[in-house]
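Residue numbers (my numbering): 112 to 484.
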């Protein structure tokens with residue numbers, strides 16, 4: 112009788128890392144992803160050596176080839192270099208950290224995996240023989256082992272642990288992307304980046320971030336972030352209770368604040384131009400943390416449902432290490448399953464939980480340190 116596959120909900124970095132490691136160990140797995148297969152993560156993320164170096168053996172690649180393949184500037188022979196002195200608070204960034212293009216990284220991880228696209232989870236039902244996944248396409252899948260790797264807004268977690276809520280941190284953050292023509296990038300941006308792929312500027316407690324998403328011949332895709340602490344409960348830019356669907360509803364006061372920024376050097380002056388920003392897609396980000404209790408995890412583990420990455424211990428986008436945590440979780444969980452079987456995952460929780468808890472605490476300290484005056 113063939114081995115029933117492990118069912119992984121979510122084909123982001125964590126789920127893909129887990130799937131790729133299980134593939135290496137000869138353990139079948141199927142990933143279910145609610146989004147279509149079209150590229151959607153065309154932006155840069157920071158990867159650190161402790162998370163990506165152990166992954167190289169699984170991928171069968173050396174560090175040079177790995178970085179060149181997925182670096183935001185890899186097309187032009189770069190390796191995603193980050194200059195720690197070019198950012199406000201370097202945190203865990205050092206000479207071995209680099210900026211990776213998330214979509215290229217995920218494409219690399221997906222090689223050889225069975226990913227079921229546009230197949231989202233509606234609910235999880237408990238039956239005497241285990242758990243049944245009810246998919247939105249009408250499919251019903253029974254499985255003795257389900258792993259939720261579907262991010263901070265995890266449907267798996269919401270279905271089974273509805274009382275676990277977000278902790279919204281008191282920070283304001285807005286983000287956007289822009290495509291810059293090569294000539295303008297070379298004349299205005301490149302001198303400031305000076306070999307780095309991220310630069311930051313601070314005015315008081317406001318942090319401005321500009322980073323490279325991808326270098327191409329004709330143009331360069333960049334991202335920007337505006338962030339600061341919330342100014343009390345009446346701050347029009349801090350909306351902790353807004354629904355996910357209102358992320359693109361940008362108040363006039365944001366553009367007013369952008370206009371009050373003064374004395375900016377290039378390329379910050381070019382990027383943080385209120386008239387340009389009004390014409391572009393701007394996103395309001397909430398800085399969230401999530402940590403599912405050990406008791407809840409233990410109860411669900413007894414039923415064959417497990418969690419990893421942001422679905423169980425989410426850190427804020429600023430100050431957090433979500434991508435690196437997801438890689439480490441994926442590698443460590445696969446190693447645990449390959450050595451001791453699915454029944455050992457509850458023990459894996461016990462070994463990882465202190466690091467998850469510390470990570471959230473460290474991320475909250477990091478975002479506070481970044482914005483201190």
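Even for Gly, the Cβ is constructed at its ideal location relative to N, Cα and C.
From a predicted model like this one, the values you see are computed outputs, not experimental measurements.
State the CB to CB distance for the pair residue i and residue j, rounded to an integer number of angstroms; the pair is presumed to be in contact (CB under 8 Å).
i           : j           : result
residue 398 : residue 165 : About 29 Å separates the two Cβ atoms, so there is no contact after all.
residue 353 : residue 328 : At roughly 39 Å, the Cβ-Cβ gap does not stay under 8 Å, so residue 353 and residue 328 are not in contact.
residue 180 : residue 191 : Residue 180 to residue 191, Cβ: 10 Å. No contact.
residue 127 : residue 224 : 7 Å
residue 430 : residue 474 : 5 Å
residue 136 : residue 449 : 4 Å
residue 155 : residue 212 : 6 Å
residue 484 : residue 316 : 5 Å
residue 253 : residue 243 : 5 Å
residue 275 : residue 183 : About 34 Å; that fails the 8 Å criterion.
residue 195 : residue 303 : About 16 Å separates the two Cβ atoms, so there is no contact after all.
residue 203 : residue 432 : 7 Å
Taking the C-alpha atoms as reference points, what is the distance between residue i and residue j?
i           : j           : result
residue 112 : residue 217 : Only weak support exists for where residue 112 lies, its pLDDT of 41 falling under 50; the coordinates are left without a value.
residue 438 : residue 153 : 19 Å
residue 163 : residue 365 : 37 Å
residue 220 : residue 226 : 11 Å
residue 222 : residue 206 : 28 Å
residue 457 : residue 401 : 19 Å
residue 346 : residue 480 : 21 Å
residue 463 : residue 407 : 15 Å
residue 331 : residue 272 : 42 Å
residue 209 : residue 368 : 31 Å
residue 189 : residue 125 : 25 Å
residue 62  : residue 239 : What is shown of the chain runs 112 to 484, which leaves residue 62 out entirely.
residue 467 : residue 144 : 24 Å
residue 375 : residue 388 : 16 Å
residue 114 : residue 452 : 12 Å
residue 370 : residue 386 : 9 Å
residue 383 : residue 319 : 9 Å
residue 477 : residue 465 : 18 Å
Looking at the secondary structure, which residues open and close the beta strand (DSSP E) in which residue i lies?
i           : result
residue 434 : Not the beta strand (DSSP E): residue 434 falls in the alpha helix (DSSP H), residues 433-451.
residue 400 : 399-402
residue 381 : Not the beta strand (DSSP E): residue 381 falls in the alpha helix (DSSP H), residues 379-382.
residue 211 : 209-212
residue 394 : 393-396
residue 115 : No beta strand (DSSP E) contains residue 115, which DSSP labels as neither H nor E.
residue 196 : Element bounds for residue 196: n/a, residue is neither H nor E.
residue 286 : 282-292
residue 417 : 416-418
In the DSSP assignment, find the unbroken alpha helix (DSSP H) run with residue i in it and report its ends.
i           : result
residue 464 : 456-481
residue 407 : 405-412
At least 3 beta-carbon pairs within less than 8 Å: the stretch 308-318 vs the stretch 169-179: Contact between the stretch 308-318 and the stretch 169-179 is absent, because fewer than three Cβ pairs lie under 8 Å.
The stretch 265-282 touching the stretch 219-236, judged by at least three CB pairs closer than 8 Å: Yes, the stretch 265-282 is in contact with the stretch 219-236.
Segment contact flag, the stretch 297-307 with the stretch 334-352, C-beta cutoff 8 Å, min 3 pairs: Output reads no: the stretch 334-352 does not touch the stretch 297-307.
Contiguous beta strand (DSSP E) assignments of at least 3 residues, all confined to the stretch 121-183: 140-143, 155-158
3-residue-minimum beta strand (DSSP E) runs that sit fully inside the stretch 305-362, ordered along the chain: Taken in chain order, the complete beta strand (DSSP E) segments of 3 or more residues contained in the stretch 305-362 are 309-314, 317-326, 330-340.
Validate contact between the stretch 244-264 and the stretch 117-125 using beta carbons, cut 8 Å, 3 pairs: yes
In chain order, each alpha helix (DSSP H) run of at least 4 residues that lies wholly inside the stretch 209-263: 213-221
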